[in-house]
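S.K.:
Number of protein chains: 2
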Amino acid sequence: MGEGAQFEQVRPVRLYQRIVEQIEGALAQGELKPGERLPSERELVTQFGASRSTVREALRVLESNGVVRSRPGDPNGPEILPFSTQGLTKQITRLTQVDEVGLGELISFRMILDGSANMLAARLRTQDELASMEATIEVMRETIDLGYEEFSEADVAFHDAIARVSRNSLIQVCNQVVRGVVLSLISDKISRSRNSKALMRQSLHHHEEVLEAIRAGDGPAAARISRRNLYDYYAGYLPKGEREPLLALLLDVKPVV
Amino acid sequence: MGEGAQFEQVRPVRLYQRIVEQIEGALAQGELKPGERLPSERELVTQFGASRSTVREALRVLESNGVVRSRPGDPNGPEILPFSTQGLTKQITRLTQVDEVGLGELISFRMILDGSANMLAARLRTQDELASMEATIEVMRETIDLGYEEFSEADVAFHDAIARVSRNSLIQVCNQVVRGVVLSLISDKISRSRNSKALMRQSLHHHEEVLEAIRAGDGPAAARISRRNLYDYYAGYLPKGEREPLLALLLDVKPVV
DNA sequence: TGAAGGTGACTGGTCTGACCAGTGGACTTT
DNA sequence: AAAGTCCACTGGTCAGACCAGTCACCTTCA
Numbered sequence: 000m001g002e003g004a005q006f007e008q009v010r011p012v013r014l015y016q017r018i019v020e021q022i023e024g025a026l027a028q029g030e031l032k033p034g035e036r037l038p039s040e041r042e043l044v045t046q047f048g049a050s051r052s053t054v055r056e057a058l059r060v061l062e063s064n065g066v067v068r069s070r071p072g073d074p075n076g077p078e079i080l081p082f083s084t085q086g087l088t089k090q091i092t093r094l095t096q097v098d099e100v101g102l103g104e105l106i107s108f109r110m111i112l113d114g115s116a117n118m119l120a121a122r123l124r125t126q127d128e129l130a131s132m133e134a135t136i137e138v139m140r141e142t143i144d145l146g147y148e149e150f151s152e153a154d155v156a157f158h159d160a161i162a163r164v165s166r167n168s169l170i171q172v173c174n175q176v177v178r179g180v181v182l183s184l185i186s187d188k189i190s191r192s193r194n195s196k197a198l199m200r201q202s203l204h205h206h207e208e209v210l211e212a213i214r215a216g217d218g219p220a221a222a223r224i225s226r227r228n229l230y231d232y233y234a235g236y237l238p239k240g241e242r243e244p245l246l247a248l249l250l251d252v253k254p255v256v
Numbered sequence: 000m001g002e003g004a005q006f007e008q009v010r011p012v013r014l015y016q017r018i019v020e021q022i023e024g025a026l027a028q029g030e031l032k033p034g035e036r037l038p039s040e041r042e043l044v045t046q047f048g049a050s051r052s053t054v055r056e057a058l059r060v061l062e063s064n065g066v067v068r069s070r071p072g073d074p075n076g077p078e079i080l081p082f083s084t085q086g087l088t089k090q091i092t093r094l095t096q097v098d099e100v101g102l103g104e105l106i107s108f109r110m111i112l113d114g115s116a117n118m119l120a121a122r123l124r125t126q127d128e129l130a131s132m133e134a135t136i137e138v139m140r141e142t143i144d145l146g147y148e149e150f151s152e153a154d155v156a157f158h159d160a161i162a163r164v165s166r167n168s169l170i171q172v173c174n175q176v177v178r179g180v181v182l183s184l185i186s187d188k189i190s191r192s193r194n195s196k197a198l199m200r201q202s203l204h205h206h207e208e209v210l211e212a213i214r215a216g217d218g219p220a221a222a223r224i225s226r227r228n229l230y231d232y233y234a235g236y237l238p239k240g241e242r243e244p245l246l247a248l249l250l251d252v253k254p255v256v
């Protein structure tokens with residue numbers, strides 16, 4: 000357990016880092032809020048007492064971390080962005096590129112997170128929350144005829160509801176991030192036809208199954224069902240030899256026979 | 000499900016981004032490997048045909064993502080770093096600062112990941128792997144008298160073994176990252192005495208329990224035990240009112256009575 | 001011959017000042 | 001009041017300069 004590092008690395012601190020720290024600090028302290036604007040680069044130069052090169056290096060770092068966005072010609076200065084998962088996604092994507100992590104691991108990660116979120120939801124839901132979840136799935140039923148975009152929106156709303164009910168947004172954030180990475184990895188193998196109405200119906204059905212388990216307050220069932228759904232959906236993209244770890248997850252809770 | 004975004008954002012691509020992409024691409028293609036060196040900034044200026052400011056902005060971004068490291072006076076040029084979890088940690092930390100994620104969520108996240116890793120290990124282990132895991136825990140037993148540093152090292156080795164056996168390094172990476180963030184959040188509340196021998200023994204005992212379940216091939220037990228251990232260890236840092244979601248996780252698999 | 005010391009060609013970090021192509025608000029014109 | 005014009009200001013990029021370090025080489029000395 001426990002680190003134990005008594006001493007910090009004492010590598011030279013560069014000016015641009017100080018600037019980054021100050022701005023990130025102001026954000027952490029709530030002195031800056033998303034939507035607000037930073038002063039212009041030239042104004043920051045005078046405020047920080049550093050050169051424009053230095054200020055710009057700081058802004059580039061913040062920008063690459065998804066904290067701010069500069070746009071040329073914008074007279075209001077760099078914009079402070081709301082939190083986004085962009086940075087997380089970039090890191091996870093990098094993991095896959097360094098070959099530390101493969102598709103199979105991403106999928107089983109999703110099975111674990113999604114299953115856990117649904118299990119928590121089943122255990123922690125209140126009556127009110129159950130009602131609101133049923134409302135979002137009702138929206139899904141209605142949008143299924145309106146087209147993929149609308150359906151997808153309703154789908155996201157459902158998962159947001161799960162996140163709230165499971166009392167753990169971190170799970171949901173990671174889940175969404177990994178989902179995005181998985182989709183980008185298999186995007187070339189996905190045929191256009193996947194957006195067909197039949198598949199939307201299948202997806203809806205899966206969600207209904209999960210919600211049924213949540214309604215019943217049956218955590219293990221909610222976890223098992225959502226994992227199986229994910230497996231059915233994604234395992235096809237995986238070489239047969241690499242599916243064993245995923246199958247091991249499906250045994251997590253004994254299926255009801 | 001699925002995105003559906005047909006059109007990409009078409010915001011102006013800045014020069015430094017092109018440079019970042021080229022270098023990251025070369026890394027993804029394996030043309031550059033950790034430990035190797037990039038040409039010096041002035042050399043990159045000629046290779047990319049951009050100004051030094053632009054090249055430097057690119058390097059700062061890469062540096063902030065943990066890809067390279069520049070050191071003044073180093074005649075070999077910027078160093079390409081091996082993959083590290085630094086970037087991931089930064090992102091998760093930011094999540095906690097934006098108040099999207101609290102300590103309770105981090106802890107339950109760990110309970111989920113650690114539990115799942117151990118469950119997978121119990122299900123997927125081979126005889127050889129079991130032997131090597133027992134070897135690492137034997138090392139822990141021996142180092143317990145040598146002091147905290149050595150013990151901690153052996154502890155890491157044990158978890159590395161779990162990661163290998165569970166066939167999922169992503170779980171382990173996230174687990175370690177979140178563990179680091181949790182420790183930094185509660186670091187001020189941790190008394191020095193926590194590194195006492197008694198606590199090392201307790202930790203060792205917890206590991207032995209988990210390994211016992213893995214040896215028996217009992218996935219649910221491995222998950223349940225490791226979750227309970229984490230709960231015992233961390234729940235004290237959480238206000239009583241926020242422990243309910245964690246307790247919900249302990250019910251995941253029925254305890255053996 | 002071998003070790004100590006000095007030197008200079010590099011490195012990255014920082015600054016200055018300049019130019020460009022856009023943007024958007026203020027101002028003028030209709 | 002609506003339409004069009006203009007200009008101050010934005011960020012993006014560049015060239016060139018200086019500094020403080022580092023390290024390899026080379027000289028010098030024992």
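First to last, the protein sequences are chains A and B. Here numbering that gives the first Met the number 0 is used: position 82 in the first sequence is 81, and no number is missing along the way. Here numbering that gives the first Met the number 0 is used: position 189 in the second sequence is 188, and no number is missing along the way. The beta-carbon is built from N, C-alpha and C at its ideal position, and this holds for glycine as well.
Using 8 Å for Cβ pairs, my map puts S225 of chain A next to N117 of chain A. What's the rounded Cβ distance?
M.R.: Between N117 of chain A and S225 of chain A the Cβ distance is about 5 Å, and since that is below 8 Å, they are a contact.
S.K.: In chain A, which residues lie less than 7 Å from K90 of chain B when you measure between Cβ atoms?
M.R.: Correcting the residue identity first, residue 90 of chain B is Gln in this sequence and not Lys. What Q90 of chain B touches in chain A: G86, L87, Q90.
S.K.: Rounded to whole angstroms, what's the CA-CA distance from Q21 of chain A to T125 of chain B? Just pull it up for me.
M.R.: So the two alpha carbons sit approximately 51 Å from each other.
S.K.: For chain B, is any of its Cβ atoms less than 7 Å away from the one on L123 of chain A?
M.R.: Closer than 7 Å to some Cβ of chain B, the Cβ of L123 of chain A qualifies, so yes.
S.K.: Rounding to the nearest angstrom, what Cα-Cα distance links M110 of chain A and G48 of chain B in this structure?
M.R.: Each residue's Cα considered, the two are about 47 Å apart.
S.K.: Of all the options B:L14, B:I170, B:A222, B:I79, which has the alpha carbon lying nearest to the alpha carbon of G29 of chain B?
M.R.: Closest by alpha carbon: B:I79.
S.K.: Considering just the uninterrupted stretch of the alpha helix (DSSP H) at V176 of chain B, what are its terminal residues?
M.R.: Note, V176 of chain B: alpha helix (DSSP H), 168-185.
S.K.: What's the C-alpha gap between T88 of chain B and H158 of chain B?
M.R.: For T88 of chain B and H158 of chain B, the distance between alpha carbons rounds to 18 Å.
S.K.: I need the straight-line Cα distance from E62 of chain A to P244 of chain B, nearest angstrom please.
M.R.: So the alpha carbons of these two residues sit roughly 35 Å apart.
S.K.: Select from B:G34, B:E141, B:R51 the residue whose C-alpha is nearest the C-alpha of E42 of chain B.
M.R.: Measuring from the Cα of E42 of chain B, the nearest candidate turns out to be B:R51.
S.K.: Establish whether the CB of R36 of chain A and some CB of chain B are separated by less than 7 Å.
M.R.: Cβ-Cβ to chain B under 7 Å: no for R36 of chain A.
S.K.: Based on the DSSP secondary-structure assignment, which residues constitute the bridge partners of I79 of chain B?
M.R.: Partner(s): B:V67.
S.K.: List the whole-angstrom C-beta distance separating S283 of chain A from A153 of chain A, where the pair is believed to meet the contact cut-off of C-beta under 8 Å.
M.R.: Examination of residue 283 of chain A is not possible in this model, given that chain A is present from 0 through 256 alone.
S.K.: May I ask you to list the residues that DSSP assigns as paired with E200 of chain B?
M.R.: In the sequence on display, residue 200 of chain B carries Arg and not Glu. In the DSSP output, where bridge partners are listed per residue, R200 of chain B has none listed.
S.K.: Can you have a look at H206 of chain A and say buried or exposed, based on whether 16 or more other CB atoms are within 10 angstroms of its CB?
M.R.: When all chains shown are included, H206 of chain A counts as buried.
S.K.: Rounded to the nearest angstrom, how far is the Cβ of N167 of chain B from that of L119 of chain B, given a contact under 8 Å?
M.R.: Confirmed, Cβ separation roughly 6 Å.
S.K.: For I63 of chain A, decide whether its Cβ has a neighbour in chain B, counting only Cβ atoms nearer than 7 Å.
M.R.: Contrary to the premise, residue 63 of chain A reads as Ser rather than Ile in this sequence. Yes, because at least one Cβ of chain B sits closer than 7 Å to the Cβ of S63 of chain A.
S.K.: Where R163 of chain B and S69 of chain A are concerned, what is the direct C-alpha to C-alpha distance, given to the nearest angstrom?
M.R.: One C-alpha to the other measures close to 43 Å.
S.K.: Only counting the same chain, and skipping five residues up and downstream in sequence, which positions put a Cβ closer than 8 Å to that of D127 of chain A?
M.R.: No residues qualify anywhere along the chain.
S.K.: Please classify L145 of chain B: is it buried, with 16 or more other beta-carbons within 10 angstroms of its beta-carbon, or exposed?
M.R.: Under this definition L145 of chain B is an exposed residue.
S.K.: Less than 7 Å between C-beta atoms, sequence neighbours within five positions excluded: which residues of the same chain meet that for R242 of chain A?
M.R.: Cβ neighbours of R242 of chain A beyond the five flanking positions: A234.
S.K.: With a CB to CB cut of under 6 Å and the five nearest residues on each side skipped, what residues in its chain are close to F108 of chain B?
M.R.: V177.
S.K.: Output needed for Y15 of chain B: all residues of its chain with C-beta closer than 6 Å, excluding positions within five of it in sequence on either side, in chain order.
M.R.: Taken in chain order, the residues that qualify are T53, E56, A57.
S.K.: For Q90 of chain A versus G86 of chain B, is the C-beta spacing smaller than 7 Å?
M.R.: Against a cut-off of 7 Å, the Cβ pair of G86 of chain B and Q90 of chain A comes out as a contact.
S.K.: Compare the C-beta of N174 of chain A against all C-beta atoms of chain B and say whether one is closer than 7 Å.
M.R.: For N174 of chain A, the answer is no, since every Cβ of chain B falls outside 7 Å of its Cβ.
S.K.: Can the beta-carbon of R36 of chain B be found closer than 7 Å to that of N64 of chain B?
M.R.: No. Outside cutoff.
S.K.: Between the C-alpha atoms of T45 of chain B and P38 of chain B, what's the straight-line distance to the nearest angstrom?
M.R.: About 10 Å.
S.K.: How would you write the range of the alpha helix (DSSP H) that Y15 of chain A sits in, first residue to last?
M.R.: That run of the alpha helix (DSSP H) goes 14-27.
S.K.: Could you work out which residue in A:S115, A:V12, A:L105, A:N228 is closest to P71 of chain B when comparing CA atoms only?
M.R.: Closest by alpha carbon: A:V12.
S.K.: Determine the contact status of A197 of chain B and V209 of chain B, defining contact as a CB-CB distance below 7 Å.
M.R.: Taking 7 Å as the Cβ cut-off, A197 of chain B and V209 of chain B do not qualify as a contacting pair.
S.K.: Tell me whether R226 of chain B sits in a helix, a strand or coil according to DSSP, three-state version.
M.R.: Helix, per DSSP.
S.K.: So S107 of chain A contacts chain B; which residues on that side make the cut at Cβ distance below 7 Å?
M.R.: Simply N167.
S.K.: Please name the residue in A:L102, A:E23, A:D73 whose C-alpha comes closest to that of G179 of chain A.
M.R.: Nearest of A:L102, A:E23, A:D73 to G179 of chain A, Cα basis: A:L102.
S.K.: Can you give the Cα-Cα distance for L31 of chain B and A25 of chain B, rounded to whole angstroms?
M.R.: C-alpha separation (whole angstroms): 6 Å.
S.K.: Residues of chain A with CB under 9 Å from F82 of chain B, in chain order?
M.R.: The answer, in chain order, is R93, L94, V97, E99.
S.K.: Where I18 of chain A and V67 of chain A are concerned, what is the direct C-alpha to C-alpha distance, given to the nearest angstrom?
M.R.: Looking at the two C-alpha atoms, the distance is approximately 13 Å.
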